[in-house]
Every structure is written in structure tokens, then in C-alpha cells.
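**Q** Please find one structure pasted underneath; my questions will follow.
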DNA sequence: ATTAGCACTCCCGTGGGTTGAGTGCCAGAA
DNA sequence: TTCTGGCACTCAACCCACGGGAGTGCTAAT
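Protein chains in written order, with the numbering used here: chain A, 21 to 359; chain B, 21 to 359.
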């Protein structure tokens, strides 16, 4: 069906269109890509590619542009992800190593990805679902309120206010803190409900009520409604798109502000090597039919704790994006897990 | 120079242009605004307004559009800030009261402002410079590292890692924590350097080194490099602008990602009633010559701790924006200071 | 299987004519 | 003086016709 040369032609069309953003004709391919055949031959191949649905013509007398299916084949079979230069790699690690806390790591990562790819970068905070508890801190506030601070092993810090029915003594609070920490320290967030289920009953009567309130607060924060945080950067790159982007940027900007949509775009957290590319309508999000997402999980090599990626037009430079996403994910994973 | 009717004409032009985004002519004003005079009279007034620089004509046979100077006069003298409806007010307070922690308050505030004004909303976290310390927590980590967590009275939480030269015992850490807290609790962040200057020397020899490291970390976080956080929302509204916005949206999007620029846009933190409107070139930021910023401080009534506002095209609806910014600032100030 | 040639299609830029909204100015009315 | 109706003028926007050109599909020859 598709012999070697037809694939080469498809690759040429994608390459060309990605740089020029204009329909590419048979002549241009014959000249710039030195296939040793005439434009007429290319035309026949192009007709075949069009029949198969890999390319399409905006109108009769224009060149061809790749379809989603064409990009898909290109990404799967025709593009070698060339690794970044060593200069780039050292730049990445240096920039990220300057980060001073987790927020800073996340911020720097988005900035970096956006700059490397010239696209919009999206980075998810380490998921609470997959984190372990490093420490739980209880801070007494006025009016019988307790601030519950949870520190995850990834450096992520969450806090919430619990309201008690009565003031609690400093000693009792110390006791509670110690008991809670020894119960849940270094266990998975998802295991916390089980571990703390019987906890209040194990205490003396007067500590029972405050313990219930605090545990409820803890569970609310970590399990019932764990906030999946996301950082976005590089939206200015969308302004470039303007006219030669078939969709409108409005739905894209909207999607970038909706955590739920973003998480769906980034995809499920998987294990292992999971560089993922979603092209055009594969995203199944209204208004993003002309957008692609390149994403990967980060964490330890065999265990992702969150995802990051870039969002751009379907005619983006996939090799570059894939390389950058892969490299950055590796570095961030290292930083976040070793901290 | 400018009699009453000319001012009315200017107001009419601004009103009309803000809704239609198209140059407005003398006939339209005479009809829609029932001034009781003929278009010819309006034309004379318009000629005068143009001489004074309040309005301008894109080309000979088009209507007039307000200049920056025109908007300025409009905002200063011609627009009554009509308060929000009581329905809107209760909606605001209900939505904000659902917030579960400071991050949530900030996030909800931007979303709310963006929705109310249909513009880009910008909210600054309570400035560390103006906050008081509620509590300092020290958490021992593996490898002789200490996580220093600072909780401000506004609910803001900052954390940083301090590296010690040797492990420290749990008791010693408790001692340090207690000493630090009793020294700095409820004092201004800016006073912390003075308060802790002599602190390490007051300790026993073996606690001296770790105390120095921890205090250094604390100062780094709070004073030397206090991170001014900012949340932005509603960028999708920029997509609407497209053609009838004289500037490009690219520099706007860039500015929105640069904290430094954003802080400059929001303006200095002042005391008292400080609703501020910067129109077009008054922003003194390249590429934002066609953008306006409406901002206000929030906090207690006599003491702002940060600012929030909206950014939009110069032809935005100032009354609406000013009302929304004022109202939201009041509610947020209440929530943040009473927590 | 490849290629040269050729007719065909259709986007796009150009130029001219027309339209219409809006202006500026003037002369007369209030 | 101030306002108004009238009128000539300007100029962006729109329409339309036209030609150039890029690119295609088809066919016949290699």
C-alpha cells in the first residue's frame, strides 16, 4: 500500500509544513528533499497518500497539508526523537537546580519547557494520591482553631484549618501530633484513612473530639478532595499562531485555565516510559481539534508521580517537543524524588 | 473651555465606543443620548474636544474614538461608580466563603474578578513584607536537613530547606523551635532580622551552628528574597479582542507571565481608599499602550497588604471594572485579615 | 514505474467604480 | 452669540471583473 518512498514524501510534507505553515506542493518536495524523482511522480504518491487520508488539500489548486492521521503516522513511525545537545542538557539541570522549593521547581519547569519548545508548557504538581507523608504538623490558632499542615515526601505542603469545639492544651496538641505522626509517617496518602480509622478511639475521652475533627480535616485535604495543582506558562506563544491556526485560540486559553480539562489532556499517570502524543481530535476536547499535546510522566524511572507536557498547534515540531518533554521530565523526576 | 454639554458628549462617546468598539459619529450621539440638540451642534463640540485632545478620528470620514486623555477625564470626572447589585454582592461573598485555604481564596478571587469584569484578573498574595509571623515550624528531614515552615497571619505558608552540618537531636530542635517562636511570634516579617540578630549567640555552643543555618534560611525566605506570588485568570477574554484591539495581545500575555511587570502594573501598596486606574501609556510598559489596569489594595480598611485588579483594553467598561474591583477587594480583605 | 506535457482549477492580488457614513463649513434662524 | 439645516467633500469599505500563478490530474510516451 504505502511503499518506502510514499512515507518519505509524507515525512517531507510534515517537515515542510511544520516550518512554513503553508500547503506544500510537489515541486517544493522534489527540489528541497532530493528524492531523485520528478514532481509528477511525487504527485502520484501524494494522490495515494490523500486517498489513504494522510494528507488533504485545502482547495483544488493548493498544496497538501497533513491530516491528524498523517501526523499520527509521522510521530509513530517517521520521526526519530533526536536527543538534546549536551549544552541544552546542562542548561536544563543548572536552571532547575537553582530552585529553592517545590513551588520554585514547578515554576522553573514550566518556564523552561515553554522556552525550549516555544509552546505552552503544563506541569502537574506531584499527585497527592501517590505521595507519602513526611510529616504532619498541628499549629494552634486563636479561637480553638488548628492549622493542619501536611508535608509530602515530594516537598509538597498542604494546609487546612480544623475547627475544634473547645480549646485544647499545648501538651495535648503535642501528644496528638506525636501519635498521628508515628501512625502515618511515610505511609501512602491513600492508606491514611485505614490507618487513622481507629485512631480517635484509642485516645482518652477528652482527646476524642479534637482528634476526630483533626483527622476529618486531614482526610478531607488528602483523600476526599485532593487538589491537583497545575502550573502553566508560555501562553504568549499562542499569540503567534493567529491566522495560520485553523482553530481559535479562545477555547485553548479556556482549557488552560480549567484544571479538570488540563488533567484530561495530560493523560493518565502510567508507569514506565510513557511519552504520549495526542494529536488534534484525539484529545476529545471541544475546540482543541487543531491542537496537540505531548506529555510524559515524571518521578522515579519505574514509577510516575505526575505528568508534564506541552500544548501546541497540530503543526508543531514534534521531534523537538518530544525530546524536550522527555529530557525535562527526567530531570524533574530526579529532583522531586531525591529531595 | 469645556462646557457642560461638551463633557456630556465626551461621556456619550466613551459609553458608545465601549459597547460597540467602533468609532462613533455625531448622528448616533444625537439620537441615542437625547441631548436635545442637532448633530451639527454635536459636531462643533466634537471638533472642540478633538482640539483639546480628548478624542481623535482614525481617518477623515469616520467617527471619533476617545484618546487616553479622554478616558482619563471620563474616569476622573464623568463616571459614577455604581455599586454592584445586592445579588452580586451576596454571590461574591458566598463564593469566596467556600474557600478552604489561602491558595483557594486567591484562586477563587481571580476567577470571580475575571467573570465579573470579563477581563483578565490579577491578584497578588498578601505581601510577606507586611505580614506578621504566626508560627515557625521546624521539621527534621533525613540527611541533617531541616524544613523551615513559616506561617503568616494571613494564612500564607512558605517553606524552605536548611542544611545543617550535623544531625540535631529532636529535643534540641524542639528547643530551637520554641525559642524562635517566642522571639518572633506575631512580629512583622521586616522586623525579624533585628529580632533574631543576636539569637544564635544566646544559645549554648552546640546549638549555635544549627541556629545560624536556620535563621539564615528564615531570613532568606522572608526578607532577602520574599517571593511575591501572583495569580492570573481570565486570559481567554483576551482572545475576544482580536481585531478591534489596536495593540497586539502577545505583549499582554507576556506581561501577565512576568511577576515583575505585573507588580509594576498593579502599582504601589498604599493606605486607605486607593482605587487606581492606569490608562494606556500611563502604564509605561512596552506593548501595553492600548491596555488599562484597574487596581485596588486589599486588607483592613486603613492598611493594605497587597493589591488586586483587572487588565483589559483601554476601551473597557470602567464603571463595571471599578465597581467589581472595589467590591472584591473589600471582601477579600475581610477574609484574609480575619482568618 | 516514471516522466514530460498540457489543460484545468481556483486562490489571490490588483484596479476601478460605487456606496455611504461622517465631517467641516457656511449662511440663516433663534 | 448659539444653534441648526444644508451642502460639498473625503475616504474606508465593498463589490466585481480580470489576469497571474501555483498546483493539480490526466494522458501518452519512455
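Beta carbons are placed, not taken as given, at the ideal position from N, Cα and C, and that holds for glycine.
Apply the 10 Å Cβ neighbour rule to residue 263 of chain A and answer buried if 16 or more other Cβ atoms are within range, or exposed otherwise.
**A** Stepping through the first chain from its first residue, residue 263 of chain A is reached at position 243. With fewer than 16 other Cβ atoms within 10 Å, it is exposed.
**Q** Hey, out of B:213, B:67, B:26 and B:172, whose CA is closest to residue 94 of chain B's CA?
**A** In the second chain, the residue the question calls residue 94 of chain B occupies position 74. Ranking the options by Cα distance to residue 94 of chain B, first place goes to B:26.
**Q** What does residue 171 of chain A touch in chain B if you count any residue whose Cβ is under 7 angstroms from its own?
**A** Position 151 of the first chain, counting from 1, holds the residue named residue 171 of chain A. Neighbours of residue 171 of chain A on chain B, chain order: 159 and 167.
**Q** With DSSP as the reference, label residue 53 of chain A as helix, strand or coil.
**A** Counting from one through the first chain, the residue named residue 53 of chain A turns up at place 33. Looking at residue 53 of chain A - three-state DSSP - the assignment turns out to be coil, as it is neither helix nor strand.
**Q** In the DSSP assignment, find the beta strand (DSSP E) that holds residue 161 of chain B and state where it starts and stops.
**A** Working through the second chain from its first residue, we reach residue 161 of chain B at position 141. Taken as a continuous stretch (DSSP letters only), the beta strand (DSSP E) holding residue 161 of chain B covers 153-161.
**Q** Could you check which residue in B:245, B:175, B:188 and B:197 has the C-alpha nearest to that of residue 119 of chain B?
**A** Indexing the second chain from 1 puts residue 119 of chain B at position 99. Nearest C-alpha to residue 119 of chain B: B:175.
**Q** Quick one: any contact between the region 318-327 of chain A and the region 133-149 of chain A, if contact means 3 or more CB pairs under 8 angstroms?
**A** Touching, yes, given that three or more Cβ pairs across the two stretches are closer than 8 angstroms.
**Q** State whether the region 25-39 of chain A contacts the region 84-103 of chain A, with contact taken as three or more CB pairs (one from each stretch) at a distance under 8 angstroms.
**A** Flag = yes, the region 25-39 of chain A and the region 84-103 of chain A touch.
**Q** Near residue 254 of chain B, what residues of its chain come up, given a Cβ to Cβ distance below 6 angstroms and the 5 sequence neighbours on each side ignored?
**A** In the second chain, counting from the first residue as 1, residue 254 of chain B sits at position 234. Excluding residues within five positions, the ones whose Cβ falls inside 6 angstroms are 134, 140 and 141.
**Q** Mapping DSSP to helix, strand and coil, what is residue 240 of chain A?
**A** Residue numbering aside, residue 240 of chain A sits at position 220 when the first chain is read from its first letter. Residue 240 of chain A falls in the helix class under three-state DSSP.
**Q** Hey, is residue 180 of chain B's beta-carbon within less than 9 angstroms of any beta-carbon in chain A?
**A** On the second chain, residue 180 of chain B is found 160 positions in, with the first residue counted as 1. Yes, because at least one Cβ of chain A sits closer than 9 angstroms to the Cβ of residue 180 of chain B.
**Q** Residue 22 of chain A touches chain B at which residues, Cβ-Cβ below 9 angstroms?
**A** Counting from 1 along the first chain, the entry for residue 22 of chain A is found at position 2. Result: empty, since nearest Cβ-Cβ is about 39 angstroms, beyond 9 angstroms.
**Q** Taking the beta carbon of residue 179 of chain B as the centre, do at least 16 other beta carbons fall within 10 Å, making it buried, or is it exposed?
**A** Looking up residue 179 of chain B in the second chain gives position 159. So residue 179 of chain B counts as buried.
**Q** In angstroms with no decimal places, state the Cα-to-Cα distance between residue 204 of chain A and residue 192 of chain A.
**A** The residue you call residue 204 of chain A lines up with position 184 of the first chain. The residue you call residue 192 of chain A lines up with position 172 of the first chain. Spanning the two alpha carbons is a distance of roughly 18 angstroms.
**Q** With 7 angstroms as the limit, tell me which residues of the region 119-132 of chain B have their beta carbon closer than that to any beta carbon of chain A; keep them in chain order.
**A** Going along the region 119-132 of chain B in chain order, one finds 120 and 121 with a Cβ nearer than 7 angstroms to chain A.
**Q** Apply the 10 Å Cβ neighbour rule to residue 312 of chain A and answer buried if 16 or more other Cβ atoms are within range, or exposed otherwise.
**A** For the purposes of this step, residue 312 of chain A is taken as residue 292 along the first chain, with counting starting at 1. Counting Cβ neighbours within 10 Å, residue 312 of chain A comes out buried, since at least 16 surround it.
**Q** Using the beta-carbon of each residue, which ones in chain B are nearer than 8 angstroms to residue 155 of chain A?
**A** Position 135 of the first chain holds residue 155 of chain A. Here the neighbours are 159 and 167.
**Q** According to DSSP, residue 165 of chain B sits in a beta bridge with which residue or residues?
**A** As a first step, residue 165 of chain B must be located in the second chain, where it is residue number 145. For residue 165 of chain B, which the question treats as bridged, DSSP gives the partners B:161 and B:183.
**Q** Do the region 102-121 of chain A and the region 299-319 of chain A touch if we need at least three Cβ pairs shorter than 8 angstroms?
**A** These segments do not touch.
**Q** Can you list, in chain order, the residues of its chain whose CB lies under 7 angstroms from that of residue 167 of chain A, leaving out five sequence neighbours each side?
**A** Sequence index remark: in the first chain, residue 167 of chain A carries index 147 (1-based). Counting only Cβ-Cβ distances below 7 angstroms, and skipping sequence neighbours, we find 159, 161, 179 and 181.
**Q** So which residues on chain A does residue 273 of chain B lean against when the C-beta distance must stay under 8 angstroms?
**A** Position 253 of the second chain, counted from the start, is the residue given in the question as residue 273 of chain B. Here the neighbours are 255, 256, 258 and 259.
**Q** CB residue 266 of chain A to CB residue 310 of chain A, shorter than 9 angstroms?
**A** The residue labelled residue 266 of chain A in the question sits at position 246 within the first chain. The residue labelled residue 310 of chain A in the question sits at position 290 within the first chain. Yes, the pair counts as a contact, with Cβ atoms nearer than the cut-off.
**Q** Short of 7 angstroms in beta carbon distance, which residues of its chain neighbour residue 53 of chain A, apart from the five on each side in sequence? Order them along the chain.
**A** The residue labelled residue 53 of chain A in the question sits at position 33 within the first chain. Taken in chain order, the residues that qualify are 32.
**Q** Based on DSSP bridge pairs, tell me the residues matched to residue 84 of chain B.
**A** Position 64 of the second chain, counted from the first residue, corresponds to residue 84 of chain B. Paired residues: B:44.
**Q** Rounded to the nearest angstrom, how far is the Cβ of residue 152 of chain B from that of residue 202 of chain B, given a contact under 8 angstroms?
**A** Residue 152 of chain B sits at position 132 when you count from the first residue of the second chain. Residue 202 of chain B sits at position 182 when you count from the first residue of the second chain. No, residue 152 of chain B and residue 202 of chain B are not in contact; Cβ-Cβ is about 15 angstroms, not under 8 angstroms.
**Q** Within the same chain, show all residues whose beta-carbon is closer than 7 angstroms to that of residue 186 of chain A, passing over the 5 residues directly before and after it, in chain order.
**A** Residue mapping note: residue 186 of chain A aligns to position 166 of the first chain, counting from 1. Hits under 7 angstroms: 164.
**Q** Apart from the five residues on each side of it in sequence, which residues of its chain come closer than 8 angstroms, Cβ to Cβ, to residue 154 of chain A?
**A** Counting from one through the first chain, the residue named residue 154 of chain A turns up at place 134. Excluding residues within five positions, the ones whose Cβ falls inside 8 angstroms are 171, 172, 173, 205 and 206.
**Q** Closest Cβ-Cβ distance between residue 270 of chain B and chain A: below 9 angstroms?
**A** Residue mapping note: residue 270 of chain B aligns to position 250 of the second chain, counting from 1. Closer than 9 angstroms to some Cβ of chain A, the Cβ of residue 270 of chain B qualifies, so yes.
**Q** Are there 16 or more other CB atoms within 10 angstroms of the CB of residue 64 of chain A, so buried, or fewer, so exposed?
**A** Locating residue 64 of chain A in the first chain gives position 44, where the first residue counts as 1. So residue 64 of chain A ends up on the exposed side.
**Q** Straight-line CA distance for residue 296 of chain A to residue 83 of chain A?
**A** Against the first chain, residue 296 of chain A aligns to sequence position 276. Against the first chain, residue 83 of chain A aligns to sequence position 63. One C-alpha to the other measures close to 30 angstroms.
**Q** Consult DSSP for residue 30 of chain A and reduce its assignment to one of helix, strand or coil.
**A** Counting from one through the first chain, the residue named residue 30 of chain A turns up at place 10. In this structure, residue 30 of chain A counts as helix in the three-state DSSP scheme.
**Q** Could you please give me the residues that DSSP links to residue 333 of chain A through a beta bridge?
**A** Residue numbering aside, residue 333 of chain A sits at position 313 when the first chain is read from its first letter. Answer is A:311.
**Q** On the DSSP bridge list, what partners appear for residue 320 of chain A?
**A** Reading the first chain from its first residue, position 300 is the one you call residue 320 of chain A. DSSP output for residue 320 of chain A lists A:323 as bridge partner(s).
**Q** Scan the region 33-49 of chain A for residues whose Cβ lies nearer than 9 angstroms to a Cβ of chain B and list them as they occur along the chain.
**A** So nothing in the stretch comes that close.
**Q** Taking only beta-carbon positions, decide if residue 276 of chain B is within less than 9 angstroms of chain A.
**A** By 1-based counting over the second chain, the position of residue 276 of chain B is 256. Residue 276 of chain B counts as touching chain A.
**Q** Could you pull the start and end residues of the beta strand (DSSP E) that residue 144 of chain B belongs to?
**A** Working through the second chain from its first residue, we reach residue 144 of chain B at position 124. Start and end: 140-144.
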